[in-house]
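Down below is the structure, laid out as structure tokens.
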């Protein structure tokens, strides 16, 4: 479904349902260089189980117009303006990777509007290595390769995708291939320079769940676990068989964690 | 690259798509010989049917053994995913049926496997899908045949029977400028000799019956999607970009982005047409793929020795193989197929002054001892067929010529035997053929 935010087209997948203000809402926020389709199974589930779903494309990603937003706080405010455009006052937010920082910032900056947050593949600080940043800045294929390989567990290199017939690396590379120049660098830089994690965590008033992949090579579970300790009363779920791409590598376990979180 | 590296082709050929079985530890790919899968509960069943969870429901749609083959082929080709089918023909049909409706049009090479020509030229026409066949030698031929209702460009990476090398980058450019995808039949080249997606193709399929299996024991096909064609931007494919009432008004592109084509092909094409691959077939083809990187160099090495022998034999009028300088696509082959031009080619036997070529060809076949006379290619064993006395025997010499087949044309598929034995076998049969050619 297309919305207009800041005068530009902003897309959010709604699982083929109209927005119903009477229903609770879940917003899904993707990570660096990704789009709404990474939440395909999980967002579809909630859309067919009594909730409004807005699996959004950040500006310059997927079907949303650019240019990209430069910082995590700017992205967080944009998400809230998308909620305004959808005429929704409150929502829960599920964010993955960079999207988890956006969700965190949304909850800290707009506590009355954010009912709960699930942070998937989160780490703070979310530092990005200099070679990765430089490759992305130069729009080199190397950057897409690093993103693809580090974005999955080592096992994913040899496959065994839970989604029958699909090749995780191929999906990642094809999706990245559709990005405009500079967008991945923009996102990685936003992650790398985000400095508000501790302050945001201290402000959280809503229920928080943190889901980590034990085989994460991009945002190692050790870093995510340390961050979880700074978030009061956060529920921590660690998935044994997943790397950073939790929704693809462990789709059912990720969904089960979300169902349980929303049930409580 | 300064960072991490992808596994190599040889490693993927052995491992891609499979983790050791978590239940038993089985190292080999288990054969899940089952039609269906027990649901955990009603909620789980509903979620699987509505695509809220990953998994298997019914083996016509997906099967764990078949999924290993699909993922392995996607990895070897560099695609987003794949669908294994009952045959190569089923893969071509699945691609066409997923992309278009009655009233659509295809531009295809006229140098195709006979079965593909039949499907497009006759059978799909009955269902309202027309095909214009063009000589694949220049991309311009494809461009000139594109109409407003064209939905696909299609050709073989190596044409049949003339081994025309498809200029994949040039034809892909023509396709993309028209907002169309390029589908290639990559059976003769396999991912070992050519990676069509890296050259610009959008979709490809194999008759897995041939080199992928290599053993000649299983019929199968596999359709692979690069995930790089932007269906939404093209605007010509409502099948993928508009709500589909046959699946909860799903807009496949909106739902899944780069997975849109395969999602519809599986959820509609396998569901409704049902030309799926059996798990045992997938297992057998996987056994072949595990040695693809070892077999293909030997296929090519043996083929070069045989081609060299035939090209210098006085009983041979002509050898058609792109690595020979006389082949019209010799330079293109050097650029696109540096590892070799495969193991299937044709040659013409000298027919004698009185035109006894058909008799010479038939005698040649009968005199062979190592080569097997049958209608297949891509086996580990060397194969031979004489079209004028078998598949095309009702045609006149003039009609054969129009089809690019001479009365003395022989098609060989070179296997993995000792090359010296193959050459000896051919030499003996050629001598026999010349006796037949000289008979009054």
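Residue numbers (the working numbering), protein chains in the order written: chain A, 1 to 264; chain B, 1001 to 1440.
Glycine residues also receive a C-beta, built at the ideal position from the N, C-alpha and C atoms.
Treat the numbers as computed from the prediction; the structure is a model and nothing was measured.
Does DSSP put residue i in a helix, in a strand, or in coil?
| i | result |
| --- | --- |
| residue 1144 (chain B) | helix |
| residue 65 (chain A) | coil |
| residue 1318 (chain B) | strand |
| residue 194 (chain A) | coil |
| residue 1001 (chain B) | Here the model assigns residue 1001 (chain B) a pLDDT of 48, short of 50, so the residue's position is not dependable, and the following value carries that caveat. In this structure, residue 1001 (chain B) counts as coil in the three-state DSSP scheme. |
| residue 1093 (chain B) | helix |
| residue 1291 (chain B) | coil |
| residue 1276 (chain B) | strand |
| residue 1131 (chain B) | strand |
| residue 57 (chain A) | coil |
| residue 1168 (chain B) | helix |
| residue 1285 (chain B) | helix |
| residue 1017 (chain B) | coil |
| residue 1027 (chain B) | coil |
| residue 124 (chain A) | coil |
| residue 1385 (chain B) | strand |
| residue 228 (chain A) | helix |
| residue 1422 (chain B) | helix |
| residue 1428 (chain B) | helix |
| residue 1068 (chain B) | helix |
| residue 1116 (chain B) | helix |
| residue 1011 (chain B) | helix |
| residue 1153 (chain B) | strand |
| residue 1348 (chain B) | strand |
| residue 18 (chain A) | coil |
| residue 1303 (chain B) | helix |
| residue 199 (chain A) | helix |
I'd like the span of the beta strand (DSSP E) that includes residue i, first residue to last.
| i | result |
| --- | --- |
| residue 209 (chain A) | 208-213 |
| residue 10 (chain A) | 8-13 |
| residue 1510 (chain B) | Nothing about residue 1510 (chain B) can be reported from this structure: the residues present for chain B run from 1001 to 1440 only. |
| residue 263 (chain A) | Careful: residue 263 (chain A) lies outside any beta strand (DSSP E), inside the alpha helix (DSSP H) at 251-263. |
| residue 1185 (chain B) | 1182-1185 |
| residue 135 (chain A) | Note, residue 135 (chain A): premise wrong, no beta strand (DSSP E); alpha helix (DSSP H) at 130-137. |
| residue 1205 (chain B) | 1203-1207 |
| residue 1106 (chain B) | 1105-1109 |
| residue 3 (chain A) | 2-5 |
| residue 79 (chain A) | It is not in any beta strand (DSSP E) - residue 79 (chain A) instead sits in the alpha helix (DSSP H) that spans 72-85. |
Between the Cα of residue i and those of the options, spot the shortest distance and give me the residue it belongs to.
| i | options | result |
| --- | --- | --- |
| residue 24 (chain A) | A:32, A:51, A:10 | A:51 |
| residue 283 (chain A) | A:101, A:14, A:125, A:229 | Given that chain A is displayed from residue 1 to residue 264, the structure contains no residue 283 (chain A) and the question cannot be resolved. |
| residue 1067 (chain B) | B:1277, B:1307, B:1374 | B:1277 |
| residue 109 (chain A) | A:19, A:201, A:209 | A:201 |
| residue 186 (chain A) | A:69, A:150, A:231 | A:69 |
| residue 1152 (chain B) | B:1158, B:1377, B:1178 | B:1178 |
| residue 1100 (chain B) | B:1125, B:1117, B:1111, B:1089 | B:1125 |
| residue 1409 (chain B) | B:1397, B:1417, B:1021 | B:1397 |
| residue 1148 (chain B) | B:1192, B:1115, B:1108, B:1103 | B:1103 |
| residue 1356 (chain B) | B:1419, B:1127, B:1289, B:1432 | B:1432 |
| residue 34 (chain A) | A:172, A:234, A:79 | A:172 |
| residue 197 (chain A) | A:100, A:4, A:260 | A:100 |
What are the boundary residues of the alpha helix (DSSP H) that includes residue i?
| i | result |
| --- | --- |
| residue 160 (chain A) | No alpha helix (DSSP H) contains residue 160 (chain A), which DSSP labels as neither H nor E. |
| residue 1082 (chain B) | Segment 1081-1085 is the beta strand (DSSP E) holding residue 1082 (chain B); no alpha helix (DSSP H) there. |
| residue 45 (chain A) | 40-47 |
| residue 169 (chain A) | 168-177 |
| residue 141 (chain A) | 141-150 |
| residue 1466 (chain B) | With chain B represented from 1001 up to 1440, any question about residue 1466 (chain B) goes unanswered, as that position is not in the structure. |
| residue 104 (chain A) | 98-109 |
| residue 1248 (chain B) | Segment: none, residue 1248 (chain B) is in no alpha helix (DSSP H) and carries neither H nor E. |
| residue 238 (chain A) | Element bounds for residue 238 (chain A): not the alpha helix (DSSP H) but the beta strand (DSSP E), 235-239. |
Self-check item: the stretch 1270-1304 of chain B: positions lying closer than 8 Å to chain A by Cβ
Solution: none
Quiz item: When you check each C-beta in the stretch 19-45 of chain A against every C-beta of chain B, which residues fall closer than 7 Å?
Solution: 35, 37, 40, 41, 44, 45
Self-check item: Cβ contact check for the stretch 1324-1334 of chain B and the stretch 1164-1184 of chain B: 3 or more pairs under 8 Å
Solution: yes
Self-check item: Under 8 Å (Cβ pairs) to chain B, residues found in the stretch 150-171 of chain A
Solution: 150, 155, 157, 158, 159, 160, 161, 162, 163, 164, 165, 166, 167, 169, 170, 171
Quiz item: Pairing CB atoms from the stretch 1247-1263 of chain B with CB atoms from the stretch 1314-1323 of chain B, are three or more of them under 8 Å?
Solution: no
Quiz item: What are the residues of the stretch 56-86 of chain A that lie near chain B, defined by any Cβ-Cβ distance shorter than 9 Å?
Solution: 62, 63
Quiz item: Just checking, does the stretch 206-217 of chain A make contact with the stretch 117-125 of chain A on the three C-beta pairs under 8 Å criterion?
Solution: yes
Quiz item: So does the stretch 1080-1095 of chain B actually touch the stretch 1210-1227 of chain B, counting three or more Cβ pairs closer than 8 Å?
Solution: yes
Self-check item: the stretch 1130-1143 of chain B in contact with the stretch 1291-1306 of chain B per 3-pair CB rule at 8 Å
Solution: no
Quiz item: Is the stretch 1024-1042 of chain B in contact with the stretch 1064-1079 of chain B, if contact means three or more CB pairs nearer than 8 Å?
Solution: yes
Exercise. Please determine if the stretch 1175-1190 of chain B and the stretch 1200-1209 of chain B are in contact, where contact requires at least 3 C-beta pairs separated by less than 8 Å.
Key: yes
Quiz item: Which residues, in order along the stretch 97-121 of chain A, keep a beta-carbon less than 7 Å from a beta-carbon of chain B?
Solution: none
Quiz item: Taking one C-beta from the stretch 1012-1025 of chain B and one from the stretch 1033-1040 of chain B each time, how about it: are there three or more such pairs within less than 8 Å?
Solution: no
Self-check item: Meets three-Cβ-pair contact criterion under 8 Å: the stretch 1108-1125 of chain B and the stretch 1239-1249 of chain B
Solution: no
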